[in-house]
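Below is one structure, written out as structure tokens, with a few remarks after it.
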Amino acid sequence: MSLFFQLFAGVPMDEMGTFPLVPLGCWLFPIGIYLLIIGFRFGMDKQNSRFVIVRYGWIQKWWKHYFLRNLWNGVFAAVCLLALFKIIDLFTLQKFTGNLKEILTIFVLWTVHAMTLSALFLLLETLKIKKLIPAVILLIEGFTFLSGFHFRKSAKYMFGVWGMYVQSDLYEGMYGFSMISVMLAQVIIIIICYRLGSYLLKGKEVEGV
């Protein structure tokens, strides 16, 4: 099994009979790297936020620009991270592994999931818990996955498995989640994060951002 598949495909259903410590660790490892990357990028944006808000003249207008720009920056970071590990596979294995459809599906599922994590990160920034955000998101990811692990029939409804290709109906036809439904649910979460963040910032002074 390639490194790319181990890190980004998720925890297979045949690993769910025993506590999947190693597969779960492999899954959370690139997510942790991703959170560090976007946290650094968002922090750089925040340094100039007061000047930018003055230019926009309205904090909610700034929020729309800030949210959308960093959401797309998160997409770029996710694709770069996926591509990096696929390139590492090519160099270490000296051959192309996996079929193209499978690889593209992993790219799409993981990137959409990463976008949702970015949206949650941006929302949590409005709550003034910046230092705890990566830990909170990893906790949500791990807790919802483990909930599905303990209550197997509900696994497909758990946020923590939604980016996992091996938990999708394309890989596991009988018990896997519907890719379309899961991606639609994550788009809804992103919209909710944007709207809720706009509401939380409403009426705040520039100094409070």
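Going by the working numbering, the first residue of the sequence shown is number 192, and it counts up by one from there. The C-beta atom is built at its ideal place from N, Cα and C for all residues, glycine as well.
Discussion item. Tell me the residue span of the alpha helix (DSSP H) that contains PRO325.
Written reply: For PRO325, the uninterrupted alpha helix (DSSP H) run begins and ends at 324-341, by DSSP.
Fill in: PHE350 - partner residues in DSSP beta bridges
DSSP lists no beta-bridge partner residue for PHE350.
Worksheet item: For PHE276, which residues does DSSP report across the bridge?
Response: Paired residue(s): none; PHE276 is not in a bridge.
Worksheet item: Going by DSSP, which residues form a beta bridge with PHE368?
Response: Bridge partners of PHE368: SER359.
Item to complete: Please classify VAL202: does DSSP put it in a helix, a strand, or coil?
Response: Correct three-state label for VAL202: coil.
Worksheet item: Whose C-alpha, out of PHE199, PHE298, ALA310 and ILE229, is nearest the C-alpha of GLY388?
Response: Closest option to GLY388, Cα to Cα, is ALA310.
Fill in: Three-pair Cβ contact test at 8 Å for the region 256-269 versus the region 290-310
Segments in contact, yes.
Item to complete: Return the first residue and the last residue of the alpha helix (DSSP H) that ILE297 is part of.
Response: Going by DSSP, ILE297 is part of the alpha helix (DSSP H) stretching over 291-316.
Item to complete: Check whether the Cβ atoms of SER359 and MET349 sit closer than 9 Å, and answer yes or no.
Response: One thing to note: SER359 has its Cβ no nearer than 9 Å to the Cβ of MET349.
Fill in: 8 Å contact criterion, which LEU198 and PHE276 should meet: CB distance rounded
Contact flag correct, Cβ pair sits at about 6 Å.
Discussion item. Please classify MET192 as buried or exposed, where buried requires at least 16 neighbouring CB atoms within 10 angstroms.
Written reply: It is exposed - the Cβ of MET192 has fewer than 16 other Cβ atoms within 10 Å.
Worksheet item: Taking 8 Å as the cut-off, does the CB of SER369 come closer than this to any heavy atom belonging to the ligand MG?
Response: What this structure holds is no ligand at all, so the ligand MG is not there to describe.
Discussion item. Within a Cβ cutoff of 6 Å, which residues of the same chain sit near GLU363, ignoring the five residues on either side of it in sequence?
Written reply: Result list for GLU363: MET204, in chain order.
Practice prompt. Can you have a look at ALA274 and say buried or exposed, based on whether 16 or more other CB atoms are within 10 angstroms of its CB?
Written response: Under this definition ALA274 is an exposed residue.
Item to complete: Output the distance between the C-alpha atoms of CYS384 and LEU313, rounded to the nearest integer angstrom.
Response: Roughly 8 Å separates the two Cα atoms.
Practice prompt. With DSSP collapsed to three states, give me the class of ILE320.
Written response: Correct three-state label for ILE320: coil.
Item to complete: Verify whether the separation of the beta carbon atoms of ALA200 and TYR390 is less than 9 Å.
Response: Cβ distance not < 9 Å, so ALA200 and TYR390 don't count as in contact.
Worksheet item: When you compare only the Cα positions, how much space is there between ILE250 and HIS256?
Response: Taking the straight line from one Cα to the other gives about 10 Å.
Worksheet item: What separation, rounded to the nearest whole angstrom, lies between the Cα atoms of ILE382 and CYS217?
Response: Using only the alpha carbons, I get a separation of about 29 Å.
Worksheet item: So GLY351 and GLY333 are in contact, right, with Cβ under 8 Å, and what is the actual spacing, rounded?
Response: Taking C-beta atoms under 8 Å as the contact rule, GLY351 and GLY333 qualify, at a distance of about 7 Å.
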